[in-house]
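Reviewing the structure listed below.
There are 2 protein chains.
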Amino acid sequence: MTTSGLTIALDGMGGDHGPETTIGGAEIASIRHPAVRFLIFGDEAVMRPVLDKYPRVAAVSEIVHTPVAIAMDDKPSQALRRGRKTSSMWLAIDAVKTGRAQAALSAGNTGALMAMAKVILKTMPNVERPALAALWPTARGESVVLDLGATIGPDAIQLVQFAVMGEAFARIIFGLERPSVGLLNIGEEEVKGTEQVKEAAQMLREAGLPMQFHGFVEGDDISKGTVDVVVTDGYTGNIALKTAEGTVRLIIEFLREALRSSLMSRIGYIFAQGAFKALSKKLDPRASNGAVFLGLNGLVVKSHGGTDAEGFAYAIDVAIDVAAADLVQKIVADMALLDGFKPSAAQASHSTTEPSEAALS
Amino acid sequence: MTTSGLTIALDGMGGDHGPETTIGGAEIASIRHPAVRFLIFGDEAVMRPVLDKYPRVAAVSEIVHTPVAIAMDDKPSQALRRGRKTSSMWLAIDAVKTGRAQAALSAGNTGALMAMAKVILKTMPNVERPALAALWPTARGESVVLDLGATIGPDAIQLVQFAVMGEAFARIIFGLERPSVGLLNIGEEEVKGTEQVKEAAQMLREAGLPMQFHGFVEGDDISKGTVDVVVTDGYTGNIALKTAEGTVRLIIEFLREALRSSLMSRIGYIFAQGAFKALSKKLDPRASNGAVFLGLNGLVVKSHGGTDAEGFAYAIDVAIDVAAADLVQKIVADMALLDGFKPSAAQASHSTTEPSEAALS
């Protein structure tokens, strides 16, 4: 896996903190990946002075002036109207389409990014709807969780497609040959859950895919690290992610309060400072920054809007990793295994007959 | 709110640890609620020796011998076949129906409890499907979250019914006059989310109910305590709850590891022990034990299966609180506000016209 010759398109205007974060992040990423080049899309008058402060990234970057910036609160439809072919976000994605860059990265408005990515790059063969995948810290390290909000209400076939895409992503990002895959549900028994997850589980069991399908997993299995890839719909995945983030913040707040509550606990804090630093590093959301849109004909990575330069650099790392490993072509190849799967699956969803062997081969 | 004259029916056999937990829990609860009586359903040969060890609860309890115990891994259909009219679980719920008890409490198999409760007690007028509601610790104290797994795939009207029931529960359990109510979604904008939550939000905005409807909330709003009542479907609610529980366990594990990692941090731990005890008390899942089935013609409370006597006692407290406040009658009265709401809502779900004022009045 080589990074030489790779170019990453950056939406320089996206995110809560603008170019100090995006260009500052690229500076940090350049230390780890000196061979990678950047195309930075944004208002040149804003970008140039910041870039001048960071000589390392300046040496490997080109600024492309864009007159429009998408606001964090623009609705996707507004963004498409206002920013089509003129905004830093649109043009960063377009650079992937035209081959000038191998991946685009934005810390901007998620809904707008998703809408533009779909319009510009389109979904790949055998993929009906894209999914947003990211890494989730677990007791065993990290797992891939998808979809985190790209597709609301996917049907069973689309969940199967998510499973295949997520598995490919995990192979690359974790360097695993056969990552295990689980479907998020409210129990491990086959009778529980929505019709879509029950059907998707049946298909994954019977599809004969070269996949280590674990079956159903529950909410607490995510942080246990029971499987390498957790598959769910975008509504549930987004709520699970934000619920977990909220829980982390609440516990940190409880911990702070407890440690401030007495002189003894303050003294204890001084002694155990190293441990608390290690803990907060483990819980640092910046280290899991960088969610990837899977299923499009090109790579688009989403950074948290509120992150800083260090967090944005982690998202650049993700963009570089998936671009260097040619994730899109790997997913296209995997999705070919689902050729002819659709009619059979559609049949399965309307009757109780099992998908025929022929249709799946 | 008086507890004198109240009787709570206990499924003595339910839970991972049997009568030591259920009767031991009743002993603890009896200290706080000396006027409350217990009907304990279970195998007399097993129950009697345990009850003899706890004189306080023995003085206010009667054992009802039941030959069958529902296993934790029985499927709901099996449980209904095997345990109908003979099991401790069935007969504890039946005692509520016949008026011998004002609430039933079980730490047994959730699916079986749900199925039996529905068969025995039936849903109340204007409620199509029941919901499981419980308390969730937040930065502001606690919030009610429902549904945690009773109803998969509720439609918009059923979500509205959950909102009304959850609001009544919060009024009683928190002593609030007008608790705020939010619908769980993946964004605060009206355009986001499933059709069901969008329709439910529209109905709640336009229904003219005496409810402080906040609108949409996201996953991280639960632990922020943004609203007093968080409404969602049973699939999403169950996954959010278990994801949060898993996150708490993961962070505690990370914290333990960090504190063990050096001599300095171990010394720090000794000084700050009081703070850690306060923290673990705040995160103690036992203190939020006791989920209530809402929407049935009688009160059934579910305790965590793995809890101990102290945790079971908290669930008994919940059962006593809702029984003493006559929660069922309060919900019946609130649900009457939804009279005539159904046809209008059904219309809204099939067209873009808004529910007419007349239909809602």
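Chains as they are written, first to last, in numbering that gives the first Met the number 0: chain A, 0 to 360; chain B, 0 to 360.
Here a beta-carbon is modelled for each residue, glycine too, at the ideal position from N, C-alpha and C.
Cα-Cα separation, residue i to residue j
i	j	result
A:Q211	B:Q211	48 Å
B:V143	B:I315	17 Å
B:T231	B:V118	24 Å
A:T275	A:W135	Here residue 275 of chain A turns out to be Phe, not Thr, going by the sequence shown. For A:F275 and A:W135, the distance between alpha carbons rounds to 20 Å.
A:S3	B:R265	46 Å
A:S348	A:E198	Residue confidence for A:S348 is low, a pLDDT of 42 falling below 50, so the modelled location carries little weight; the figure read from the coordinates is stated next. Computed Cα separation, rounded: 7 Å.
A:S29	A:Y313	11 Å
B:V331	B:N237	25 Å
A:E205	B:P33	58 Å
B:M46	B:G23	11 Å
A:S87	A:R285	23 Å
B:T65	B:D42	5 Å
A:G339	A:Q195	19 Å
A:L147	A:A100	25 Å
A:V67	A:T85	6 Å
B:K52	B:A58	11 Å
A:T97	A:A8	11 Å
B:M12	A:V126	50 Å
B:A114	A:M115	47 Å
B:Q201	B:F270	53 Å
A:K121	A:Q77	19 Å
A:L145	A:F215	14 Å
B:S343	A:I27	Per-residue confidence for B:S343 stands at a pLDDT of 45, beneath the threshold of 50, marking its modelled position as unreliable; no derived number is given.
A:I62	A:V229	38 Å
B:L182	B:A44	48 Å
B:N296	B:S302	19 Å
A:E353	A:I151	Only weak support exists for where A:E353 lies, its pLDDT of 33 falling under 50; the value from the coordinates is given anyway. The alpha-carbon atoms of A:E353 and A:I151 are separated by roughly 26 Å.
With 16 other Cβ atoms within 10 Å as the buried cut-off, status of residue i
i	result
B:Q328	exposed
A:P18	buried
B:D333	buried
A:I39	buried
B:L262	exposed
A:S279	exposed
B:P209	exposed
B:G174	exposed
A:Q272	exposed
A:S355	Only weak support exists for where A:S355 lies, its pLDDT of 31 falling under 50; the coordinates are left without a value.
B:A162	buried
A:V372	The structure shown does not extend to residue 372 of chain A, since chain A is modelled only from 0 to 360, so the question has no answer here.
A:A308	buried
Beta-carbon separation (whole angstroms), residue i vs residue j, contact threshold 8 Å
i	j	result
A:E252	B:A103	With a Cβ gap of about 37 Å, A:E252 and B:A103 do not count as contacting.
B:T193	A:Y234	6 Å
B:D10	B:G305	That pair is no contact at about 15 Å.
A:A91	A:S105	6 Å
B:F311	B:T21	6 Å
B:R36	B:S60	7 Å
A:V226	A:S179	4 Å
A:V247	B:I319	Contact flag wrong, Cβ pair sits at about 34 Å.
B:A111	B:P75	5 Å
B:G245	A:K223	6 Å
B:A239	A:A239	6 Å
A:A25	A:V56	4 Å
Beta-carbon proximity check, residue i vs residue j, cutoff 8 Å
i	j	result
B:R81	B:D73	yes
B:F168	B:L293	yes
B:A290	B:L5	no
B:L298	B:I171	no
B:A149	B:P124	no
A:E217	A:G186	yes
B:S260	A:A277	yes
A:Y268	B:G267	yes
Residues bridged to residue i (per DSSP)
i	result
B:I62	B:I39
A:W135	A:S142
A:F275	Paired residues: none, contrary to the question.
B:D10	B:F40
A:V216	A:L183
A:V300	A:L104, A:V291
B:G306	Checking the sequence shown, residue 306 of chain B turns out to be Thr, not Gly. According to DSSP, B:T306 bridges with nothing at all.
A:T246	BP columns for A:T246 are empty, so no partner.
A:S76	A:S76 pairs with nothing; no bridge assigned.
A:V229	A:V144, A:G181
A:A130	A:L293
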